[in-house]
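Student:
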Amino acid sequence: MNEPLLWKMSQQFDLVFNIRRADFTEGIGWLMAELEGDEKGLQSGIRWLEEQGVHVDPIEQDVVQ
Amino acid sequence: MAKIKGLRCRECGRPYPAKPLHVCEFCFGPLEVDYDYASLEKVVNRKRIEAGPPTMWRYRDLLPIEQEVPVGEHCGMTPLIRARHLEKALGAQEVYIKNDAVCHPSLSFKDRVVSVAVTKAMEFGFDVVSCASTGNLANSVAAHAAEAGLKSFIFVPAGLEQGKIVGTLIYSPILVEVDGNYDEVNRLCSEIADKYGWAFVNINIRPYYAEGSKTFGYEIAEQLGWHAPRHIIVPSAGGSLVTKIWKGLKEFCQLGLIPECHTRMHVAQAAGCNPIVAAIRNGCDTIRPVRPDTICKSLAIGNPADGYYAFKAVEESTGYAADASDEEIVDGMKLLAETEGIFTETAGGVTVAAAKRLIDTGVIPRDESIVLSITGNGLKTQEVVFNALRPTVSVKPSLKSFDEAIAERPDLEADFISQAPTNIQG
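Quick mapping for you: the protein sequence lines, in order, are chains Y and A. Using our numbering, read the first sequence as starting at 1 and increasing by one per residue. Using our numbering, read the second sequence as starting at 66 and increasing by one per residue.
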C-alpha cells in the first residue's frame, strides 16, 4: 500500500500499465489494469507482484462455478 | 417485440451490441443485458405468465433469448413447499423451501442458467460449449449440450465428488480434470477462453447465462401468490445467484407483478470459504480473497466474481449473512432430510445452518416469512454425510436374528420400538 508497486514492476520488467478502475481503503484495495509488454516480461512481472503479496487474477476473475 | 436493447456495462453504463461479450473494454466492468422495460411493461402481466408453460420459460419475456424452443425446455418451476416440521426445529413460524434439488435435468439450480446460456450459444452459432465448474455446472452443461447436439469441453478441479464426475461423464463430454487449485483452474480457463472460439457459458456468454438465475426469484414470488417473502437465504459461491434473485424481484415490482419488494436478502457461505460473508460482517465492499478449505466444494470459490454485487444486493435489501462450519453443514443436511424429506447437497446444508444462525441471533424475526434456497441434490455429495448417518442393521432372515440385532441397538429401542403400536392384529 505504501509502495509504488506498479511503477516498480513497470520499470523492472519493461511493462506499460494503464489503470482502468481502482478502489482503495485502509488495509485493502484492488485495481483493474491493462498490462502491455512481451510475454516473458508479463509473466515475470505478474510473478513479482505476487511475491510482493498482491493477488493477481485475469480480468474474468473467477470462472469456476 | 424487441425486448432487449443490447448489453450495457454495469459500471460505466456504456452500451454494447447483444453479442458474446462480457467485459467492458473501457473500464473492464461486467456487461449486463439491457432490457427495454418500457416495452415490456405493456405486454408482461400475471395472466400472460400464468398461461405459459409450467417451467421457467413462462418468464421468457424477461429472458434474453429469441429462439422459439429453448434448450432445457422443461427446466424450472420447482416446488416451493411450506416446511412445517423445519419451522418447529428452527423455532420460526413461516418457513418455505424453494427446492431446486429437483430441477430438471441435472438436479441443481444451474440448469436455469445453463438452459439460457446454451440456447443463446446456439443462437450465436457456436458448436462447442464449455465451462469451468465445481460440479453442478459441469453436470448441467454436459446435459444441455447433449440435448442440443453440441460438443462440450468441461473443466473441473481434480478431487471433485464422484457423483459430480459420473453425473457429467454420462453425457460424454470431454471432461478435463485440472491438477491445480481454484486460482490455477481459473487462470487456465481464462486463457483457453481467449484462445479457442468456444461458448464458455460463464465467461463470454456470462451476461446471458446469469439472467437465468432471476427465474428462481420470479418463481418464489409467483408461488407465494404474487408476493415477495420477507427473507430469502441464498447460498453463495461467485455471488451471482443472490444478485440475480434480487434483480428478479425488483423487476417484478417495477412491472407491477408484485405490490412491493420488501425482501431482505441474506448470504450463506461455508466458514471455510466466506469472503462475501466476511465483507458483509465488516461492512466493507472490497472482497478479500480466501483460500477455500471446506467440505462444501460447490461453494468453494475464494475470489467471487460477483462478490461486490452480492454485497450491494444485501446492503440495498438490508439483509445480512451467516457462515457454517463443516459440522454444521452436515447437521443442516440431516435436519432438512429428517424434517422435510429433502436430500440436499452441502450447499443446502450451508443454507439451513445459516437460517438457524440468523434466526437464533435475532437477525431474522421468528414471525416473518423466510424462504430457504435449496440449490442442489444430496445424491451428488453422499461422501460427506455417509459417516454421520445411522449405521444399518444387518440380520439373518429370521425373527430371532432381528430381535437380537434390535436388542443390541439401544438407539433403535428409544426411537422406534417403544413407540410401536401394541394393538396390531395379525
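Even for Gly, the Cβ is constructed at its ideal location relative to N, Cα and C. Quantities reported herein were computed from a predicted structural model and do not represent experimental measurements.
#1: Between Ile-366 of chain A and Met-330 of chain A, is the Cβ-Cβ spacing less than 8 angstroms?
#2: Can you tell me whether DSSP reads Val-206 of chain A as helix, strand or coil?
#3: Does any residue of chain A have a CB that is nearer than 8 angstroms to the CB of Trp-48 of chain Y?
#4: Ordered along the chain, which non-local residues of its own chain (more than five positions away) have a Cβ less than 7 angstroms from that of Lys-315 of chain A?
#5: Measuring alpha carbon to alpha carbon, tell me which of A:Val-181, A:Glu-106, A:Arg-75, A:Gly-262 ends up nearest Leu-320 of chain A.
#6: Cβ of Val-109 of chain A within 8 angstroms of Cβ of Asp-126 of chain A?
#7: Since Glu-76 of chain A contacts Arg-47 of chain Y with CB under 8 angstroms, what's their CB separation in whole angstroms?
#8: If you draw a straight line from the alpha carbon of Asp-75 of chain Y to that of Glu-3 of chain Y, how long is it in whole angstroms?
#9: At the level of alpha carbons, what is the spacing between Thr-120 of chain A and Ala-286 of chain A?
#10: Could one say the Cβ of Cys-361 of chain A lies closer than 8 angstroms to chain Y's Cβ atoms, at least one of them?
#11: Which residues in chain A have a C-beta closer than 7 angstroms to the C-beta of Gly-53 of chain Y? List them in chain order.
#12: List the residues of chain A whose Cβ lies closer than 7 angstroms to the Cβ of Met-9 of chain Y, in chain order.
#13: Might you give, ordered along the chain, the residues of its own chain that have their beta carbon closer than 8 angstroms to the beta carbon of Ala-344 of chain A, omitting 5 neighbours on each side?
#14: Can you pull the chain A residues whose beta carbon is under 7 angstroms from the beta carbon of Asp-23 of chain Y, in chain order?
#15: Determine whether the Cβ of Asp-57 of chain Y lies closer than 8 angstroms to any Cβ atom of chain A.
#16: Which of helix, strand or coil does DSSP assign to His-296 of chain A?
#17: Beta-carbon of Gly-45 of chain Y versus every beta-carbon of chain A: anything under 8 angstroms?
#18: How is Asn-339 of chain A classed by DSSP in three states: helix, strand or coil?
#19: Using only CA atoms, which one of A:Val-460, A:Val-436, A:Val-181, A:Ala-333 lies nearest to His-292 of chain A?
#20: Please compile the residues from chain A whose C-beta is within a distance smaller than 9 angstroms of the C-beta of Gly-29 of chain Y.
#21: Only counting runs of 4 or more residues, tell me where the alpha helix (DSSP H) segments fall wholly within the region 234 to 311 of chain A, in order along the chain.
#22: Are there three or more Cβ pairs, one per stretch, closer than 8 angstroms when the region 189 to 202 of chain A is compared with the region 458 to 468 of chain A?
#23: Mind checking which residues open and close the beta strand (DSSP E) that includes Ser-217 of chain A?
#24: Tell me the DSSP secondary structure of Met-142 of chain A in three-state form.
#25: Going by other Cβ atoms of all chains shown within 10 Å of its Cβ, with 16 needed for buried, is Gly-45 of chain Y buried or exposed?
#26: Answer yes or no: does any C-beta atom of chain A fall closer than 8 angstroms to that of Glu-39 of chain Y?
#27: Sorted by chain position, which residues of the same chain lie with C-beta nearer than 7 angstroms to Arg-422 of chain A's C-beta, five sequence neighbours on each side aside?
#28: CB-CB under 8 angstroms to Gly-491 of chain A, same chain, minus the five flanking residues each way: which ones, in chain order?
#29: Taking 7 angstroms as the limit between beta carbons, can you name the residues of its chain near Ala-335 of chain A, skipping five residues before and five after?
#30: Please tell me whether Glu-3 of chain Y has its Cβ less than 8 angstroms away from any Cβ of chain A.
#31: If the cut-off is 8 angstroms on Cβ atoms, which residues from the region 246 to 274 of chain A count as contacting chain B, listed in chain order?
#32: If contact means a Cβ-Cβ distance below 8 angstroms, which residues of the region 73 to 98 of chain A contact chain Y?
#33: For a contact defined as C-beta to C-beta under 8 angstroms, what are the partners of Glu-36 of chain Y on chain A?
#34: With a threshold of 16 other CB atoms inside 10 Å of the CB of Ile-19 of chain Y, please say whether the residue is buried or exposed.
#35: If the criterion is Cβ atoms closer than 8 angstroms, does the pair Arg-252 of chain A and Pro-58 of chain Y meet it?
#36: So is Pro-118 of chain A in contact with chain Y if we call contact Cβ pairs under 8 angstroms?
Tutor: With the given structure in hand:
#1: no
#2: helix
#3: no
#4: Cys-326
#5: A:Glu-106
#6: yes
#7: Wrong, their Cβ atoms sit about 29 angstroms apart, outside the cutoff.
#8: For chain Y, the structure presents residues 1 to 65; residue 75 of chain Y sits outside this window and is missing.
#9: 14 angstroms
#10: no
#11: Simply none; closest approach about 12 angstroms.
#12: Chain A residues near Met-9 of chain Y: none, gap ~18 angstroms exceeds 7 angstroms.
#13: Asp-350, Thr-351, Ile-352, Arg-353, Gly-372, Phe-376
#14: Thr-351
#15: yes
#16: strand
#17: no
#18: coil
#19: A:Val-436
#20: Thr-351
#21: 247 to 260, 271 to 276, 279 to 288
#22: no
#23: 216 to 222
#24: coil
#25: buried
#26: no
#27: Ala-387
#28: Its pLDDT being 45, under 50, Gly-491 of chain A is placed unreliably by the model, and nothing is read from it.
#29: Thr-359, Cys-361, Leu-364, Asp-388, Ala-389, Ile-394, Val-415
#30: no
#31: Of the chains in the structure shown, none is chain B; the protein chains are Y and A.
#32: Glu-76, His-87, Val-88, Phe-91, Cys-92, Phe-93, Gly-94
#33: What Glu-36 of chain Y touches in chain A: nothing, since even the nearest Cβ is about 14 angstroms away.
#34: exposed
#35: yes
#36: no
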